[in-house]
Amino acid sequence: MKTSIKILSLLFITFIAFSSCSKDDDPADNDLFLGKYEGSVSFNSSDDEDVPETNGSVTVTKVGNNYTFNFSDGIPTLGDITMEKGENNTLVFNGGELGTIRITASSLKIAYLRDGRTWTADCSR
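Numbered per mature numbering (1 follows the signal peptide of the UniProt record, and there is no 0), the sequence shown spans residues -22 to -1, 1 to 103.
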């Protein structure tokens, strides 16, 4: 009986993981989300090495209301972004941060400035 419950639990978790990664799945509607967007990315900073606009990717991870954006091409991760459930865009104007992030099931647009570093992305999935 315990083995059956374990197998059913594993199948249920697998089903949730696959359904949360669907290409037509809007991250604003989910508590868990993992998606990869591809397109134009860039990074500028006075401290780090700049990455001029190039074709790359951004892997988006969402847990609860917290988003993390992992860029390709050696661009540092942009994390600790909070958007309330049901929202798919945010404008940030506080604590030395300035920017906008818009994420949908099919597109990702980022223009974000934090601590003298600028991330940009214009990607689709």
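We put the CB at the ideal spot given by N, CA and C, even for glycine.
Just so you know, these numbers come straight off a predicted model, no measurement behind them.
Exposed or buried, which one is Ile(-18) when buried takes at least 16 other CB atoms within 10 Å?
-> exposed
Do Gly57 and Asp9 have their C-beta atoms closer together than 8 Å?
-> no
Expressed to the nearest angstrom, what Euclidean distance is found between the alpha-carbon atoms of Ser85 and Gly13?
-> 11 Å
Thr32, buried or exposed, once every other Cβ within 10 Å from all chains shown has been counted against 16 = exposed
Pull up the distance between the alpha-carbon of Arg80 and that of Ile59, whole angstroms please.
-> 12 Å
Terminal residues of the continuous beta strand (DSSP E) containing Asp58?
-> 56 to 60
Please name the residue or residues paired with Asn43 in a DSSP beta bridge.
-> In DSSP, Asn43 forms no bridge with anything.
Bridge partner(s) assigned by DSSP for Gly13 = Val38
Just the C-alpha distance for residue 104 and Val29, rounded to the nearest angstrom, thanks.
-> This structure leaves residue 104 out entirely; the chain is present only between -22 and 103.
Between Asp100 and the rest of its own chain, which residues show a CB-CB distance below 6 Å, the 5 nearest in sequence each way excluded?
-> Gly17, Ser18, Lys87
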